[in-house]
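Asker: Using the numbering used here, the first residue of the sequence shown is number 16, and each one after it goes up by one.
Beta carbons are placed, not taken as given, at the ideal position from N, Cα and C, and that holds for glycine.
Note that the coordinates shown come from a computational prediction; the quantities given were computed from them, not determined experimentally.
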Amino acid sequence: REAVDQPRISHNWLPDQLWAERGLDASIIDGLEKRGHTIIWKKFIGDAHSIMVDPVTGKYYGEADARRNGAALGY
Numbered sequence: 016r017e018a019v020d021q022p023r024i025s026h027n028w029l030p031d032q033l034w035a036e037r038g039l040d041a042s043i044i045d046g047l048e049k050r051g052h053t054i055i056w057k058k059f060i061g062d063a064h065s066i067m068v069d070p071v072t073g074k075y076y077g078e079a080d081a082r083r084n085g086a087a088l089g090y
């Protein structure tokens, strides 16, 4: 859940842009700007849904991204 909930960064090649979601640590923003990046703030960058299988029990755990409507499903 923690990984799915983190703010995202996306660097695009064409056009050469760096997109970021609000909520990034100030030190990350500062470091990117010091390296010459101009940050374009986005409300959402994609969405993530993940499924983990416990190798011992075989139990499935799913997490859906709260930023969008979706579900993590496995069978």
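With 16 other CB atoms within 10 Å as the buried threshold, where does residue 81 fall?
Answerer: Label assigned to residue 81: exposed.
Asker: Can you list, in chain order, the residues of its chain whose CB lies under 6 Å from that of residue 76, leaving out five sequence neighbours each side?
Answerer: 67
Asker: Starting from residue 103, trace the alpha helix (DSSP H) in both directions and tell me its first and last residue.
Answerer: Absent from the model: residue 103. The displayed extent of the chain is 16 to 90, so no value can be given.
Asker: Going straight from the alpha carbon of residue 38 to that of residue 79, what length do you get?
Answerer: Going by the C-alpha atoms only, they are around 19 Å apart.
Asker: Under 8 Å, do residue 69 and residue 85 count as touching if we go by C-beta distance?
Answerer: no
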